[in-house]
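Chemist: Numbering (this note's numbering), first residue to last: 64 to 421. Where a beta carbon is used, it is the ideal one built from N, C-alpha and C, also for glycine.
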Amino acid sequence: MERFGFVGLPNAGKSSLYNALSGGSALAAPYAFATKDPNVGVAKVLDPRLDQLAEMSRSKNVVPASVQFVDIGGLVEGASAGEGLGNKFLANIREADAIVFVLRAFVDDDVPGPSDPLEHLRIVETEIALADLETVETQIQKRRKAAKQDRSIADEVAALEKALAVLAEGTPIYRSGLDDGSRGLLRGYFLLTNKPVLAIVNVGEDDLERIDEVTAPVRAELGDHGEVIGMCVQLEAEAAQLDPEERTEMLEGLGLGEGALPRFLHTAYQMLGLRTFFTTGEKETRAWTFRAGWKAPQCAGVIHTDFERGFIRAEVIHWDDLLAAGSWAKARDLGTLRVEGKDYVVADGDVMEIRFNV
Ligand SMILES: Nc1nc2c(ncn2[C@@H]2O[C@H](COP(=O)(O)OP(=O)(O)OP(=O)(O)O)[C@@H](O)[C@H]2O)c(=O)[nH]1
Ligand SMILES: [Mg+2]
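1) Cα separation between A161 and P259?
2) I'd like to know whether the C-beta atoms of L424 and V165 end up nearer to each other than 7 Å.
3) Going by the DSSP bridge assignment, what does H288 pair with across the sheet?
4) On the three-state DSSP scale, how would you describe D413?
5) Classify H381 as helix, strand or coil using the three-state DSSP reduction.
6) Evaluate V108 with the Cβ neighbour count: other Cβ atoms within 10 Å of its Cβ, from every protein chain shown; 16 or more gives buried, anything less gives exposed.
7) State buried or exposed for E276, treating a residue as buried only when at least 16 other CB atoms are found within 10 Å of its CB.
8) Under three-state DSSP, which class holds R206?
9) Q131 bridges to which residues according to DSSP?
10) Let me check you understand the geometry: is the CB of K77 closer than 6 Å to at least one non-hydrogen atom of ligand 2?
11) Measuring alpha carbon to alpha carbon, tell me which of T234, G356, L255 and G316 ends up nearest E272.
12) Check each candidate in L255, E188, P127 and E321 and name the one with the smallest Cα separation from Y332.
13) Quick one: measure Cβ to Cβ for A168 and P180, integer angstroms, because I've assumed they're closer than 8 Å.
14) With distances taken Cα to Cα, identify the nearest neighbour of A106 among K393, L227 and L324.
15) So for V427, helix, strand or coil by DSSP?
16) Mark N124 as exposed unless 16 or more other C-beta atoms lie within 10 angstroms of its C-beta, in which case mark it buried.
17) Within its chain, find whatever has a CB closer than 6 Å to the CB of I417; leave out the 5 residues flanking it on each side and keep chain order.
18) Is L166 helix, strand or coil when you go by DSSP?
19) Could you check whether the Cβ of D100 sits closer than 6 Å to any heavy atom belonging to ligand 1?
20) Alpha carbon to alpha carbon, how far is H329 from R492? Give it in angstroms, no decimals.
21) Check whether the segment 294-304 and the segment 334-348 are in contact - that is, three or more C-beta pairs closer than 8 Å.
22) Cβ of V125 versus every heavy atom of ligand 1: is any distance shorter than 6 Å?
23) Is R250 helix, strand or coil when you go by DSSP?
24) Is it buried or exposed for A476, if we count other Cβ within 10 angstroms and need 16 for buried?
25) Confirm the yes/no value for this check: CB of N420, any heavy atom of ligand 1, distance under 6 Å.
26) Hey, is N257 close to ligand 1, as in C-beta under 6 Å from one of its heavy atoms?
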């Protein structure tokens with residue numbers, strides 16, 4: 064399962080965001096380093112398409128896609144040099160597939176810490192870029208030597224050289240415009256800044272009407288290099304404790320619609336190139352996660368390895384065509400149900416039935 068790591072200064076709201084997503088009760092407290100060991104949770108990716116398909120099939124079970132997220136302890140200035148609980152937390156970030164910055168914009172005299180989200184961003188970006196610089200400096204020495212014996216790693220060394228130049232200026236790789244080829248070659252080094260990023264700007268409860276305004280400077284700063292979402296994490300976490308009806312009432316009462324979490328999860332999911340296909344029937348309607356570009360057998364393998372091994376063909380229909388037809392049998396009559404083979408590139412929103420033989 065794909066994993067998102069929360070990164071930010073102490074008291075930024077990381078554990079509160081974790082609680083908002085999991086409806087859980089990680090310790091969220093107004094002192095630094097409240098979190099020492101990472102909390103790992105799973106969030107369901109809400110998807111209205113799934114619910115509509117389940118309704119059509121009168122399914123007994125509905126299973127959404129999910130992503131994993133890790134609430135990591137706070138980074139402080141100097142973390143890359145071991146300040147705070149620096150090295151330990153940096154190792155937790157290394158294991159994540161993508162980074163979610165939690166940037167504090169709320170003011171609360173009872174909770175120490177700066178409230179300028181750009182300052183938060185600057186500090187955490189500097190720390191993770193410095194940590195990467197150190198990694199690259201160490202590795203590049205070794206690889207330069209190795210490249211003299213083995214010409215085949217010349218490209219990798221060239222990518223390391225490019226990364227070194229970028230990081231030496233304090234620029235995270237995701238901001239550098241480094242080409243995809245080079246970024247791919249660097250993947251094996253598990254650099255912190257060679258991951259996609261998403262920033263949550265944690266806006267105070269007094270600023271609900273100004274969420275866009277408070278978020279704008281961060282959006283301008285990150286530009287095309289990362290997604291930015293503004294929300295009041297505290298209120299989202301409080302709402303998550305309620306049962307669904309009361310939650311809707313609370314969020315709508317505050318003018319927050321369905322809240323920011325569905326959009327956050329959807330953005331996170333898309334950012335990693337993750338896509339969804341569905342299976343549907345009376346027993347169960349389910350969303351399955353695959354990566355953009357995957358072919359039918361690979362997707363079938365997500366359901367069960369036998370499905371990939373013994374793949375014969377797939378019956379496929381886009382979810383909205385299936386809804387329009389009203390049932391699988393009708394869609395077959397209408398000719399909107401297609402039979403696809405091994406080379407079919409699955410599309411987001413496809414509904415599939417796999418034929419296999421092992
Ligand atoms: N007023 C206000 N307080 C908030 C908000 N979000 C979080 N807090 C409070 O700020 C404090 C710190 O929040 P946490 O979620 O524990 O912060 P953290 O980033 O996990 O902190 P560390 O684990 O120490 O790195 C808690 O007392 C929260 O209740 C907010 O939007 N508004
Ligand atoms: Mg915490």
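Modeler: Per the coordinate set shown:
1) So the alpha carbons of these two residues sit roughly 5 Å apart.
2) The chain is shown only over 64 to 421; residue 424 falls outside these bounds and no answer can be derived.
3) Note: H288 sits in no beta bridge, so no partner.
4) If DSSP states are grouped into helix, strand and coil, D413 belongs with the strands.
5) strand
6) buried
7) Under this definition E276 is an exposed residue.
8) Helix.
9) R66 and V105
10) yes
11) Taking only the C-alpha atoms, the option nearest E272 is G316.
12) P127
13) Contact flag correct, Cβ pair sits at about 4 Å.
14) L324
15) Residue coverage of the chain in this structure runs from 64 to 421, which leaves residue 427 outside it and unanswerable.
16) exposed
17) A363, F370 and A377
18) strand
19) Result no, Cβ not under 6 Å from ligand 1.
20) For residue 492 there is no data in the structure shown, the boundaries of the chain being 64 and 421.
21) no
22) no
23) helix
24) Residue 476 lies beyond the stretch modelled for the chain, which goes from 64 to 421, so this question has no answer here.
25) no
26) no
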